[in-house]
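Asker: Sharing a structure below in structure tokens format, with a few things to ask.
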Amino acid sequence: MFNDSNFLLYGIDGSRKINISIDGKGVGQLSIGQYVVVETNEGKHMIHLTHKDIADFNSDHVIDIKEPESYLKIYSKTTSNGADLVNKPGAFEAEFRHAY
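Right under this line is the structure:
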């Protein structure tokens, strides 16, 4: 799981962090450019995301993990958040650092 929010829109004003929970359990908080490895079962999972800006912007996403190794891209949007299962980005190691 990695935070790929736009730095120019969300990195300068302090809204760069996204709080994450999976299936009702807190996973942590990722800043732009950070990732965390989460071990979970294949199947459907509820992802809850929150980022703080002028208010708290919350969103829920159902993802269906079908591969043993999956990449979840999370990002801030104007009044919400996004979460997409994607292929591993080509320059992942160069663009993202481990959060913990």
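For the sequence shown, the residue numbers in this note's numbering are 103 to 202. The C-beta atom is built at its ideal place from N, Cα and C for all residues, glycine as well. Because the structure is a prediction, the values reported are computed rather than measured.
Assess, as a yes-or-no matter, whether the segment 157-170 is touched by the segment 126-135 under the definition of 3 or more beta carbon pairs within less than 8 angstroms.
Answerer: Counting Cβ pairs under 8 angstroms, fewer than three are found: no touch.
Asker: Between which residues of its own chain and Y177 is the CB-CB distance below 6 angstroms, once the five residues before and five after are set aside?
Answerer: Stepping through the sequence shown from its first residue, residue 177 is reached at position 75. Around Y177: D106, S107 and G184.
Asker: At the level of alpha carbons, what is the spacing between Y202 and T180?
Answerer: Position 100 of the sequence shown, counting from 1, holds the residue named residue 202. Position 78 of the sequence shown, counting from 1, holds the residue named residue 180. Each residue's Cα considered, the two are about 27 angstroms apart.
Asker: F198 by DSSP, collapsed to three states: which one?
Answerer: Residue 198 sits at position 96 when you count from the first residue of the sequence shown. Coil at F198, not helix or strand.
Asker: Can you give the Cα-Cα distance for M103 and G145, rounded to whole angstroms?
Answerer: Stepping through the sequence shown from its first residue, residue 103 is reached at position 1. Stepping through the sequence shown from its first residue, residue 145 is reached at position 43. Their Cα atoms are separated by approximately 16 angstroms.
Asker: Please classify D106: does DSSP put it in a helix, a strand, or coil?
Answerer: If you number the sequence shown from 1, residue 106 lands on position 4. In this structure, D106 counts as coil in the three-state DSSP scheme.
Asker: How many Å lie between N143 and I124 at the Cα?
Answerer: Your numbering for residue 143 matches position 41 in the sequence shown. Your numbering for residue 124 matches position 22 in the sequence shown. Going by the C-alpha atoms only, they are around 12 angstroms apart.
Asker: Could you tell me whether the Cβ atoms of Y173 and N160 are closer together than 8 angstroms?
Answerer: For the purposes of this step, residue 173 is taken as residue 71 along the sequence shown, with counting starting at 1. For the purposes of this step, residue 160 is taken as residue 58 along the sequence shown, with counting starting at 1. No. Outside cutoff.
Asker: Which value, in whole angstroms, describes the spacing of the CA atoms of E141 and H163?
Answerer: Along the sequence shown, read from residue 1 onward, the residue named residue 141 stands at position 39. Along the sequence shown, read from residue 1 onward, the residue named residue 163 stands at position 61. Between E141 and H163, the C-alpha separation is close to 18 angstroms.
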